[in-house]
Amino acid sequence: MSIEVRRTQAGLFLLLRRLRAPLIVLIVVYAVAVFGFTLVPGVDPDGRPWRMSFLHAFYFVSFLGTTIGLGEIPYPFSDAQRLWAVASIYATVVAWLYSIGSMLSTLQDPLFRRIMLENRFANAVRGIREPFVVLCGYDDAGRLVARELTEEGIGVVIVDRDPARVESVEIDRLPAAVPALQANAVVPATLLSAGVTHPACIATLALTGDDATNLSVSLNAKILAPQRPVICVAHHHEHQAAMARVGTEHLINPHDTFAERLAQSILKPSLHVIYESLTTQTSTPMATPPAFPRGRWLICGYGRFGRTVHRHLEQIGIVVTVVDEQNVSDKGTDYVSGNMIDATTLRRARLGEAAGIVICTPNDTTNLAVAMLARELNPSLFRVVRLSNRRNTPLFRALEADIITLSGYIVAAEVLRIIRAPQLSYFLRLARHQDERWTAQLLERMRERIGAEIAETWSITIDEASAPAFAAARARGQRVTVGELMRAPDNRELCLGAVPLLLQREDGKSLLPADDEELLLGDRLLLCGREITRGRLRWSLSDQRVLRYLTGSPQRA
Amino acid sequence: MSFEKTLFAFVIVLALTLNVGFVLGDMTRIDHHDVYELALAIVVSLIATVMKFGDRSLLGSTMLATSLVADVQLIAAAVVWGTATIGGTEITTHDTVTVVSLAAGAMVANIVSVVLLVIETASLRR
Chain A
1 MSIEVRRTQA GLFLLLRRLR APLIVLIVVY AVAVFGFTLV PGVDPDGRPW
51 RMSFLHAFYF VSFLGTTIGL GEIPYPFSDA QRLWAVASIY ATVVAWLYSI
101 GSMLSTLQDP LFRRIMLENR FANAVRGIRE PFVVLCGYDD AGRLVARELT
151 EEGIGVVIVD RDPARVESVE IDRLPAAVPA LQANAVVPAT LLSAGVTHPA
201 CIATLALTGD DATNLSVSLN AKILAPQRPV ICVAHHHEHQ AAMARVGTEH
251 LINPHDTFAE RLAQSILKPS LHVIYESLTT QTSTPMATPP AFPRGRWLIC
301 GYGRFGRTVH RHLEQIGIVV TVVDEQNVSD KGTDYVSGNM IDATTLRRAR
351 LGEAAGIVIC TPNDTTNLAV AMLARELNPS LFRVVRLSNR RNTPLFRALE
401 ADIITLSGYI VAAEVLRIIR APQLSYFLRL ARHQDERWTA QLLERMRERI
451 GAEIAETWSI TIDEASAPAF AAARARGQRV TVGELMRAPD NRELCLGAVP
501 LLLQREDGKS LLPADDEELL LGDRLLLCGR EITRGRLRWS LSDQRVLRYL
551 TGSPQRA
Chain B
1 MSFEKTLFAF VIVLALTLNV GFVLGDMTRI DHHDVYELAL AIVVSLIATV
51 MKFGDRSLLG STMLATSLVA DVQLIAAAVV WGTATIGGTE ITTHDTVTVV
101 SLAAGAMVAN IVSVVLLVIE TASLRR
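If you want it as structure tokens, here you go:
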């Protein structure tokens, strides 16, 4: 607060200081002109000599400098007065031009404009009443997060170091007004004016492409507002430990996330469909699981991404051959070194007998070329291609690869999941450790209840505020089970289009709670289902008559 | 010793001296008080105000405030004088006293300005 006020005053003081000289010139010129007019002799219509009073002189000089008009007032001037008027005209007009010019140049001054922009930004942030997140870094991930969140009515405040990206905030036409500032998020004052300590701020997101920046943003946000969660992206494993130490609640490593998902999907194809339908807004539970092959995989490009994928694939027992320009120093790794965009190199890596390929160099052109070549050499190959620059998306789509991965999308999906339904991250973590039979059953249930619709995921806290009917029922000593709640409020013979995924309470959790599981006050229930179900469920929980009907108690209305 | 500081002190002291010069004399008699002296006092006081613009120190802010007080008082005196003599009428004793007492009020503000100036100079020495 105090810093913002100081900045506002700084702008005002800067303007005043710059205007000092022009204003003094203006005052002096006016004074001389006015004094002159009171001293220069004139004659009235009767031929008697008279001198202007201060009132007349000031009046005349006032319109002289600005308009040069209105004529000679109150009597026609004498020659001496005209002479003085000519001198005054030039002097006052020049003084005006000078002071107006100085004022305009001060207003155009980069420093002054910078201060004004900062003030406008800080004021806009201070005026926010709805919950919002502070988003540092408006790249691929930031852009997606900002769009999705604003569409849901959660405010976003953007800070980015790149002026072009800040300007693109306006072009992107987000559905809500989004204050954006071009500034270095590492500077604590920037975070303060972006509102990390604002009462409505719900989280700080460090999504810049630079790990060191993300680390210091997380650290600063944690020190300034220890209670607010921080979501932080890390590309290097070395930084993750430090980020975790400063108290960052959610760490996202896009390489890890992707590699883990790939490995899990090879083991359990249904999990891939569940994952996609729960985390993206484009896929439904009815999608067919892609046929992830279990044979030998090729990894083209052994950078950070390649190494991570390699480790995860090996963990699940997949045989991997690495292809890279350089020799691979890791022991026990089967590798082929050479030019990747060369059929002989790929043949040496026995591409013809490989089941899948992960093409993950940081260069999009290389990735495209390798993907094309790989399809030529082995059309049945399962291809996973890494995309680094979102602008190249159309090219990669045309490639018809089985999976295209963009770090920005992965990060955005993770961030949104954490903000929308914090329980979902936990659920997915638990789901990863289940076997294929379990995941296949869950997918079956989701298909039954949700069908070919976009699945929404949401959490309900069962308490007085959000479930008054339930609280009342509990107060009467009545028990309500998950199965009863999952019935349609207008016809209890029918099931609601939702699947309860996770029930959490103080003394434990229940993954996929059974229908006869009893609900207690203070429970947190994670569900996925059709969008319309969300409202119907809220109805069941808040209308006592509906809840009585669902639980089938005799005193129903 | 800098030219800027000298000029600053000069303007502030001049604003006070002109003001005192105008107020001196019989309060009830307008011919003891010169209109040019009042006009000059206003001009110098305005310049002093502008010169204090943009000073963010505590003393600087207080000096700006006293200077603004002097401006307001002096301009009020000039307006009273102007309205009292509309149509060429002679100024009444009551209006004369009002004009002079308004200017005397400004004088107090100007004295405070000069005192602050002296304090600032003295604290700089240390």
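These protein sequence lines map, in sequence, to chains A and B. Okay, so the first sequence: first residue is 1 according to my numbering, each after it adds one. Okay, so the second sequence: first residue is 1 according to my numbering, each after it adds one. Note that CB positions come from ideal geometry on N, CA and C, so glycine has one too. Treat the numbers as computed from the prediction; the structure is a model and nothing was measured.
Alpha-carbon to alpha-carbon, residue j and residue i
i	j	result
Thr533 (chain A)	Asp543 (chain A)	15 Å
Glu4 (chain A)	Leu111 (chain A)	Reliability fails at Glu4 (chain A), whose pLDDT of 49 lies under 50, so the model's placement of it is uncertain and no value is given.
Leu104 (chain A)	Leu97 (chain A)	10 Å
Arg545 (chain A)	Pro422 (chain A)	31 Å
Pro22 (chain A)	Asp71 (chain B)	19 Å
Thr551 (chain A)	Asp523 (chain A)	18 Å
Tyr30 (chain A)	Val61 (chain A)	7 Å
Gln555 (chain A)	Arg474 (chain A)	The predicted position of Gln555 (chain A) is uncertain, since its pLDDT is 46 and thus under 50; a value taken from the coordinates is nonetheless stated next. Computed Cα separation, rounded: 15 Å.
Ile30 (chain B)	Met116 (chain A)	50 Å
Ser218 (chain A)	Arg228 (chain A)	11 Å
Leu64 (chain B)	Ile410 (chain A)	58 Å
Thr49 (chain B)	Gly65 (chain A)	22 Å
Met1 (chain A)	Ala225 (chain A)	Confidence in Met1 (chain A) is poor, its pLDDT being 41 and thus under 50, which makes the residue's placement too unreliable to answer from.
Val99 (chain B)	Ala39 (chain B)	13 Å
Arg390 (chain A)	Arg347 (chain A)	30 Å
Ser388 (chain A)	Ala369 (chain A)	14 Å
Leu144 (chain A)	Thr257 (chain A)	18 Å
Pro558 (chain A)	Phe382 (chain A)	Since the first residue of chain A shown is 1 and the last is 557, residue 558 (chain A) is not available in this structure.
Gly153 (chain A)	Asn214 (chain A)	26 Å
Pick from the options that is closest to residue i, judged by C-alpha positions
i	options	result
Ser101 (chain B)	B:Val114, B:Ile86 and B:Val20	B:Val20
Ala514 (chain A)	A:Gln504, A:Pro500 and A:Asp523	A:Pro500
Ala180 (chain A)	A:Lys222, A:Ala225, A:Glu148 and A:Glu118	A:Glu118
Asn110 (chain B)	B:Phe3, B:Leu18 and B:Glu4	B:Leu18
Ser425 (chain A)	A:Gln434, A:Trp539, A:His433 and A:Glu414	A:Glu414
Ala185 (chain A)	A:Val157, A:His198 and A:Arg437	A:Val157
Ala263 (chain A)	A:Ala234, A:Ala242, A:Thr282 and A:Arg296	A:Arg296
Ile27 (chain A)	A:Arg17, A:Ser99, A:Pro76 and A:Leu83	A:Ser99
Ile202 (chain A)	A:Ala469, A:Glu531, A:Gln441 and A:Leu416	A:Leu416
Leu313 (chain A)	A:Arg294, A:Gly127 and A:Gln326	A:Arg294
Met286 (chain A)	A:Gly36, A:Asp79 and A:Leu443	A:Leu443
Glu453 (chain A)	A:Gln281, A:Val230 and A:Leu83	A:Gln281
Arg56 (chain B)	A:Thr38, A:Gly71, A:Ala85 and A:Phe13	A:Phe13
Leu526 (chain A)	A:Met446, A:Phe54, A:Gly36 and A:Thr457	A:Thr457
Ile274 (chain A)	A:Leu395, A:Arg429 and A:Gly36	A:Arg429
Trp84 (chain A)	A:Val34, A:Leu503, A:Ala244 and A:Asp435	A:Val34
His235 (chain A)	A:Gln182, A:Leu278, A:Ser270 and A:Gly306	A:Gly306
Gly42 (chain A)	A:Arg17, A:Tyr90 and A:Gln81	A:Gln81
Leu207 (chain A)	A:Glu238, A:His250 and A:His198	A:His250
Arg445 (chain A)	A:Thr393, A:Ala488 and A:Ala498	A:Ala498
Ala467 (chain A)	A:Val336, A:Arg538 and A:Asp334	A:Arg538
Beta strand (DSSP E) segment containing residue i, residue limits
i	result
Gly155 (chain A)	Gly155 to Asp160
Phe132 (chain A)	Phe132 to Cys136
Gly529 (chain A)	Arg524 to Gly529
Tyr335 (chain A)	Asp334 to Ser337
Ser459 (chain A)	Glu456 to Thr461
Asn19 (chain B)	Unbroken run through Asn19 (chain B) is the alpha helix (DSSP H), Phe3 to Val23; no beta strand (DSSP E).
Phe582 (chain A)	Past the boundaries of the shown model lies residue 582 (chain A); chain A is included only from 1 to 557, so the question cannot be answered.
Limits of the alpha helix (DSSP H) - the one that residue i falls within
i	result
Ala234 (chain A)	Run containing Ala234 (chain A): none; DSSP gives neither H nor E here.
Gln544 (chain A)	Gln544 to Thr551
Gln108 (chain A)	Asp79 to Gln108
Arg474 (chain A)	Pro468 to Ala475
Ala41 (chain B)	Val35 to Met51
His272 (chain A)	Pro269 to Thr279
Ser193 (chain A)	Pro188 to Ala194
| task | Compile a chain-ordered list of the residues in the region 49–81 of chain A whose CB is closer than 8 Å to at least one CB of chain B. | result | Ser53, Phe54 and Leu55
| request: Decide if the region 97–113 of chain A is in contact with the region 40–50 of chain A; the criterion is three or more beta carbon pairs, one per stretch, under 8 Å apart. | output: no
| request: Please determine if the region 164–172 of chain A and the region 186–198 of chain A are in contact, where contact requires at least 3 C-beta pairs separated by less than 8 Å. | output: no
| query | Any residues in the region 54–75 of chain B with a beta carbon nearer than 7 Å to a beta carbon of chain A? Which ones, in chain order? | reply | Gly54 and Arg56
| query | Between the region 37–54 of chain B and chain A, which residues of the former have CB atoms less than 7 Å from a CB of the latter, in chain order? | reply | Ala39, Val43, Leu46, Ile47, Val50, Met51, Phe53 and Gly54
| query | Between the region 78–101 of chain B and chain A, which residues of the former have CB atoms less than 8 Å from a CB of the latter, in chain order? | reply | Ala78, Gly82 and Thr85
| Just by C-beta distance, which residues in the region 19–37 of chain B are closer than 7 Å to chain A? | Val35
| Would the region 105–122 of chain B and the region 56–74 of chain B be scored as touching if the rule is three or more Cβ pairs under 8 Å? | yes
| Taking any Cβ of chain B, which residues in the region 105–139 of chain A have a Cβ under 7 Å from it, in chain order? | none
| query | With contact counted as at least three CB pairs below 8 Å, one residue from each stretch, are the region 323–339 of chain A and the region 295–310 of chain A in contact? | reply | yes
| Looking at C-beta atoms only, is the number of pairs between the region 358–365 of chain A and the region 375–386 of chain A that lie closer than 8 Å three or more? | yes
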